[in-house]
Amino acid sequence: MNVAVFGCGYVGLTCAVGLAELGHTVVGVDIDEKKLALLKEGKSPLFEEGLEATMQRQMTAGQLTFTHDGESAIQKSDVVMCAVSLPGERTDFGAVMQVAQLFARLADGKKLFVNKSTVPVGSAEKIGEIIAPSQIVANPEFLQEGTALRNFLHPERVVVGLNDDDENVKEKMKELYCYDEEIPFVFTSLRNAELIKYASNVFLATKISFANELANLCEATGGDVQEVVRGMGFDSRIGSDFLQAGIGFGGSCLPKSVQTLLDNGKDLDCDLPLFEAVKQVNESRVDTLFSRLEQTLGSLQDKKIAVWGATFKPNTNDIREAPSLKVLQKLIDARAQICVFDPVASLDGLDVATADDLYAGLQDAEALLILTEWDVFKNPDFVKMKSLMNQPLVVDGRNIFDPAVMKDQGFQYVSVGRA
Ligand code: UGA
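The numbers in this note's numbering rise by one with no breaks, and the one at position 79 of the sequence shown is 63.
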């Protein structure tokens, strides 16, 4: 099939590369000339496992190209996949509408419009009206940053929302993904597909907020949240994923999904107290961690604080909505001297010093704050750390160390949910 993918951000670029890998001829469309120049040179703007190498291979094979010319991309395609977003927008609806309007002008009724962007419930129906008689498909994505291409090539399910039960469209979607029969295709209505996306993200967020609230209870009762969630996770009805307590969920997806459903509920006069609590619990995490630091050190003014980790999770260079940004802002407000080490994040524009390696920022530090659980942080040279720091205080927002080991190594170790 000839596929045009609009938007070369996380979702769009991964889909474009993945669809080329599945054998389609793909053109990625973006309005950002700087990004396009990079992509045309075979360079991925994303730090994402396997993406750049696969992208280069598909470009060399002639299966994947990039352009700013949306009109000709639509004209040459059987399927238009929409994965656009506008910076700062609450949801991606405005950007999607622009693509839909262009599509409506150029499509002939035979082309398929597949929406991947996360839009408010009911948007696909509105797009469907604009692009009629062409068909709209609501096809939410479930990629996780860091493993996005792997998730695309080996999905656990494909959700396909349709306007009506059109067999032709169903067949086209199966042809588009050409996965084997093991992978369930969930054919449903447009609205259900949109809701499945939000419900999935908000459920994951709920698990995290549950673990974080449990961490508070563990601290109060003398328990250890790591042990408690491990004990829970063996129950297959519960599962062990997304029960890691810490400084809360960030990124461009989970916080936005929770907020969008809350906004939807408000507009529709539908109370959603559980989702509100998920948000509140999450927002309190940074304050909780920060007050631990203040309780231990008193005023932070002019004190040197080393920070490990800035990205919203490991294995990505993404710092959007990262909990670390709130912590850094609090440290700036408290007039601490901050030095951050992150293996890949760029912190240009933030008023903080950065270190080139794990140890460079530790010299004379009064404390080390751990904000992302990168693997490279997990086996440090403790002796070297202690020799560099002014006092051996580690405040760990991600529970990466064993408290007993830290005690043996002579650190004052403050972590989450472990009395
Ligand atoms: C999330 C979903 O996991 C994907 O399924 C979805 O497709 C994507 O949003 C999206 O809507 O595009 P992602 O934003 O890449 O993916 O990140 P997650 O792996 O879900 O992590 C989100 C945040 O939760 C991170 O800050 C992470 O540190 C935190 N987290 C995760 C925890 O605090 N505890 C956990 O147990 C798991």
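Glycine is no exception: its CB is placed at the ideal position from the N, C-alpha and C atoms. Bear in mind that the values here come from a model prediction, so they are computed numbers and not experimental data.
DSSP state of G12 mapped onto helix, strand, coil: Residue numbering aside, residue 12 sits at position 28 when the sequence shown is read from its first letter. Strand at G12.
What I want to know is whether the C-beta of T190 ends up closer than 8 angstroms to one or more non-hydrogen atoms of ligand 1. Residue mapping note: residue 190 aligns to position 206 of the sequence shown, counting from 1. False, no ligand heavy atom lies under 8 angstroms from that Cβ.
Suppose the cutoff is 7 angstroms on Cβ atoms and the five residues either side in sequence are ignored; what does the same chain contact list for A45 look like? Within the sequence shown, the letter at position 61 stands for residue 45. Around A45: no qualifying Cβ.
In its own chain, which residues sit with a C-beta less than 6 angstroms from the C-beta of G26, not counting the 5 before and 5 after it? Translated into positions along the sequence shown, residue 26 becomes position 42. Once the five neighbours on either side are set aside, the close Cβ partners of G26 are Q40, M43.
Let's see if you can read the secondary structure: which residues bound the beta strand (DSSP E) around C237? Taking the sequence shown and counting its residues from 1, one reaches residue 237 at position 253. Annotation: C237 is outside any beta strand (DSSP E) and is labelled neither H nor E by DSSP.
Among I384, F77, D392, which one has its Cα closest to the Cα of S399? In the sequence shown, the residue the question calls residue 399 occupies position 415. With distances taken between Cα atoms, S399 lies closest to I384.
Those residues which DSSP pairs with Q396 across a bridge: Taking the first residue of the sequence shown as 1, we reach residue 396 at position 412. In the DSSP secondary-structure assignment, Q396 is bridged to L377.
For F296, which of helix, strand or coil comes out of DSSP? One-based indexing of the sequence shown puts residue 296 at position 312. Under the three-state reduction of DSSP output, F296 falls in the coil class, being neither helix nor strand.
Inter-residue Cα distance where the pair is G145 and F169: The residue given as residue 145 occupies position 161 in the sequence shown. The residue given as residue 169 occupies position 185 in the sequence shown. Cα-Cα distance, rounded: 10 angstroms.
Nearest to L334 by alpha carbon, out of Q347, E350, L346, D317? Locating residue 334 in the sequence shown gives position 350, counting from the first residue. The residue with the shortest Cα to Cα distance from L334 is D317.
What are the residues that DSSP puts in a beta bridge with M65? Counting from 1 along the sequence shown, the entry for residue 65 is found at position 81. M65 pairs with V(-11), V98.
Of the listed residues G381, G394, D62, nearest to V367 (C-alpha basis): Indexing the sequence shown from 1 puts residue 367 at position 383. Ranking the options by Cα distance to V367, first place goes to G394.
Roughly how many whole angstroms lie between the Cα atoms of D348 and G12? As a position in the sequence shown, residue 348 is number 364, starting the count at 1. As a position in the sequence shown, residue 12 is number 28, starting the count at 1. Rounded to whole angstroms, D348 to G12 spans 49 angstroms at the Cα level.
Stretch pair the stretch 285 to 295 + the stretch 245 to 264: three plus CB contacts closer than 8 angstroms: The stretch 285 to 295 makes no contact with the stretch 245 to 264, as fewer than three CB pairs between them are under 8 angstroms.
State the start and end residues of the unbroken alpha helix (DSSP H) segment that holds V328. Within the sequence shown, numbered from 1, the residue matching residue 328 stands at position 344. No alpha helix (DSSP H) holds V328; DSSP gives it neither H nor E.
Within a Cβ cutoff of 7 angstroms, which residues of the same chain sit near G217, ignoring the five residues on either side of it in sequence? For the purposes of this step, residue 217 is identified with residue 233 of the sequence shown, where counting begins at 1. Same-chain partners within the cutoff: G223, S224, L227.
DSSP three-state call for T356: helix, strand or coil? Residue numbering aside, residue 356 sits at position 372 when the sequence shown is read from its first letter. Three-state result, T356: coil.
M373 beta carbon less than 9 angstroms from that of L342: As a working note, residue 342 is residue 358 in the sequence shown. As a working note, residue 373 is residue 389 in the sequence shown. M373 is positioned such that its CB atom lies no closer than 9 angstroms to that of L342.
Which ranges would you report for the alpha helix (DSSP H) in the stretch 250 to 337 if only whole runs of at least 4 residues count? Listed in chain order, they are 257 to 281, 307 to 317.
Nearest candidate by alpha-carbon position, reference P139, set I167, Q119, K154, E113: In the sequence shown, residue 139 corresponds to position 155, counting from 1. Selected option, being the one with the closest Cα: I167.
How close, in whole Å, do the beta carbons of V262 and V186 come, if the pair is a contact with beta carbons under 8 angstroms? Counting from 1 along the sequence shown, the entry for residue 262 is found at position 278. Counting from 1 along the sequence shown, the entry for residue 186 is found at position 202. About 7 angstroms; that satisfies the 8 angstroms criterion.
Reference T280; option with closest CA among V242, I231, L353, V98: Within the sequence shown, residue 280 is the residue found at index 296, counting from 1. With distances taken between Cα atoms, T280 lies closest to L353.
Who pairs with R402 in a beta bridge, going by DSSP? By one-based count along the sequence shown, residue 402 stands at place 418. In the DSSP output, where bridge partners are listed per residue, R402 has D208.
Span separating the alpha-carbon of V10 from that of C162: Mapped onto the sequence shown, residue 10 falls at position 26. Mapped onto the sequence shown, residue 162 falls at position 178. If you draw a straight line from the Cα of V10 to the Cα of C162, it is about 15 angstroms long.
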